[in-house]
Amino acid sequence: KAVMLELFPDDGFQSSLERAMDGRWPDIYIDHQSAFKLPDPQHESFPALVREAMEFFMDDRLSIYGGNDNDGSGDGDTPFDEYCPVRIRRDGDCYVIYNWWSGAKIRMAPEGKGFTSASRPELVDLKITNQCPYQCSFCYQSSTPDGKHASRQDIGEVIEALGINGAGVFEVAIGGGEPTAHEYFDGIIRTCVENYIRPNFTTFAVDWLLDDSKVSAANLCGGIGVSVHSEKDLGKVQKIMDRVKGPTVTAQHVFGTVPPEETMQILSRATDRKIPVLLLGYKQVGFGEGGNEIDQRDIVQNWRFKYLEKLRLSVDTAFAEKHQWFLDAVEANKLFVTKTEGAFSMYVDAVTGRLGPSSYCNDDQMVPFTDLRSEIVARFPFAQEAA
């Protein structure tokens, strides 16, 4: 038997409770969750999404089928963290749910209505430096060894404008140049976290692994993208995976920079080593303008291609726009593919103080800013997805 606690028990409840507690009714126990407590729905901090969900679940036409923690089907001791990592943002009639730890994002729209663009960016590609020692021939940022860093103050102001008290951006992808070369790299990462923005960054370097402060900051990130030009570069990815423990480390490869056979070697070896891969579309701008982009269609004929189903594979918007044949070959779900820049994300160049729809857009699409938050309100979104 169980004693079901009422919110307003009658006078007879007290004596029953005492008997149960002193063991005189040993077959009666008190359920640990007889009353599930939620904040007052009328309170301004009560999430609108939860209120709507409650109205839905209380509909008499709805039946809920499921188990519970004492029916023998599951583990009732599943641990949970100290606070919920989920941020919920209302965007018109739609909702965006973002998980701070995993990076997972769900967009919810009413039936029959598409969610083609956000009113504020969900992600910002943030350039903090134009300095890079590697001078890759296809670098669309044209970064050089003597390139300029954005100042710490300018970057701090940008992050504050993007943060929870500004545009409410969920995450930033920090790039350059080589972002780890910035003298305030670790402080920039921490400033993002202080403003409730999940930082991520890209790198081709591994020397920063010798700097404990930078490694500590990197562990606060959601993800690290490591540039991979050849199969050998997967060794860099492994070094970073062995040194950092917080973020997801991903191999990033610019599609079309090596022959198909070498591309397949990178993908198959990454599969063997359980390294996630992000394929980037070749950008015909910067150093990459006029470059020889190598056709990759032959890889679908490679006998190893079928094993890519075991690979955690993602692509960027530029790739999705150019290589539909690849998406068809791997049977990518169209629900998870976005082909338009500037609909849910944007680019901010803190070095030059400009913003635009993407980091590889035409120069005439870049707009100088003095008040970033006001410019975002005035100009975003830059585009809309096809419904």
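Each residue of the sequence shown is one higher than the last, beginning at 18 in my numbering.
We put the beta carbon where it would ideally sit given N, CA and C, even for glycine.
Bear in mind the structure is a predicted one, so any value in this text is a computation, not a measurement.
Within this structure, are the beta carbons of residue i and residue j separated by less than 8 Å?
| i | j | result |
| --- | --- | --- |
| L179 | I214 | yes |
| P277 | Q313 | yes |
| Y115 | R107 | no |
| N147 | G120 | no |
| V245 | Q269 | yes |
| I241 | V261 | yes |
| V232 | K256 | no |
| A135 | P398 | yes |
| V243 | V210 | no |
How big is the Cα-Cα spacing for residue i and residue j?
| i | j | result |
| --- | --- | --- |
| M258 | E72 | 45 Å |
| F74 | L295 | 39 Å |
| K130 | G109 | 11 Å |
| R191 | Q341 | Rather than Arg, the amino acid found at residue 191 in this sequence is Ile. Rounded to the nearest angstrom, the two C-alpha atoms are 27 Å apart. |
| A400 | G373 | 11 Å |
| K253 | D229 | 18 Å |
| C111 | F132 | 7 Å |
| G194 | L237 | 21 Å |
| E188 | P138 | 9 Å |
| N212 | D142 | 16 Å |
| E402 | T357 | 6 Å |
| D388 | E177 | 11 Å |
| Y324 | S168 | 46 Å |
| K339 | K249 | 27 Å |
| R396 | F343 | 33 Å |
| P102 | W225 | 28 Å |
| E200 | P150 | 15 Å |
| E69 | D76 | 11 Å |
| L352 | R78 | 29 Å |
| T355 | M383 | 21 Å |
| P385 | L140 | 19 Å |
| A65 | F155 | 47 Å |
| H166 | L251 | 28 Å |
| T161 | G204 | 23 Å |
| D94 | S247 | Low confidence applies here, because D94 scores a pLDDT of 46, under 50, leaving its location unreliable; read the following figure in that light. D94 and S247: Cα-Cα distance of roughly 45 Å. |
| F97 | W320 | Caution is warranted here: a pLDDT of 43 is assigned to F97, below 50, making its placement in the model unreliable, and the coordinate value is therefore given only provisionally. Spanning the two alpha carbons is a distance of roughly 43 Å. |
| C378 | L227 | 35 Å |
| T208 | F202 | 10 Å |
Could you name the residues that DSSP lists as bridge partners for residue i?
| i | result |
| --- | --- |
| G242 | T219, T267 |
| M125 | Y112 |
| P385 | R371 |
| V332 | L296 |
| G192 | K144 |
| S230 | In DSSP, S230 forms no bridge with anything. |
| R106 | V113 |
| D171 | Answer is none; D171 lacks a bridge partner. |
| Y364 | D142, G373 |
| H166 | T146 |
| T161 | Q148 |
Rank the options by C-alpha distance to the C-alpha of residue i and give the top, closest one.
| i | options | result |
| --- | --- | --- |
| G359 | I393, Q341, H340 | I393 |
| G307 | Q282, M281, T274 | T274 |
| K322 | R290, R286, F304, G305 | The sequence shown places Phe at residue 322, not Lys. Checked all of R290, R286, F304, G305; the closest Cα to F322 is R286. |
| I145 | N182, S376, W225 | S376 |
| T197 | T288, L284, A234, A65 | A234 |
| K16 | A167, H199, F361, G204 | With the chain covering 18 to 404 only, the question about residue 16 has no answer from this structure. |
| Q318 | G303, T280, G305, V354 | T280 |
| Q152 | T355, G303, T357 | G303 |
| I316 | D289, L284, N309, G305 | L284 |
| E310 | E326, F272, D76, P162 | F272 |
| E326 | C378, K351, D289, C149 | D289 |
| Y364 | W118, L251, V186, E248 | V186 |
| G305 | E200, D77, S159, P385 | S159 |
| P380 | A65, Y157, V354, Y201 | It should be pointed out that residue 380 corresponds to Asp in this sequence rather than to Pro. Among A65, Y157, V354, Y201, the Cα nearest to that of D380 belongs to Y157. |
| V113 | F155, S391, V67, S154 | V67 |
| R390 | F202, S247, T161, N182 | N182 |
| W118 | W320, G239, F155 | G239 |
Does any C-beta atom of chain D lie closer than 8 Å to the C-beta of residue i?
| i | result |
| --- | --- |
| D259 | Although the question refers to chain D, the structure presented lacks it and comprises just one protein chain. |
Query raised in the report: Does the count of Cβ pairs from the stretch 287-300 and the stretch 317-335 closer than 8 Å reach three?
Result: Segments in contact, yes.
Query raised in the report: So, do the stretch 219-233 and the stretch 172-187 have three or more beta carbon pairs nearer to each other than 8 Å?
Result: Taking 8 Å as the limit for Cβ pairs, the verdict is that the stretch 172-187 does not touch the stretch 219-233.
Query - Cβ contact (3+ pairs, closer than 8 Å) linking the stretch 321-330 and the stretch 363-374 - result: A contact between stretches requires three or more CB pairs, one per stretch, nearer than 8 Å, and the stretch 321-330 fails this requirement with the stretch 363-374.
Query raised in the report: Would you call the stretch 123-138 and the stretch 341-352 in contact, with 3 or more CB pairs under 8 Å?
Result: no
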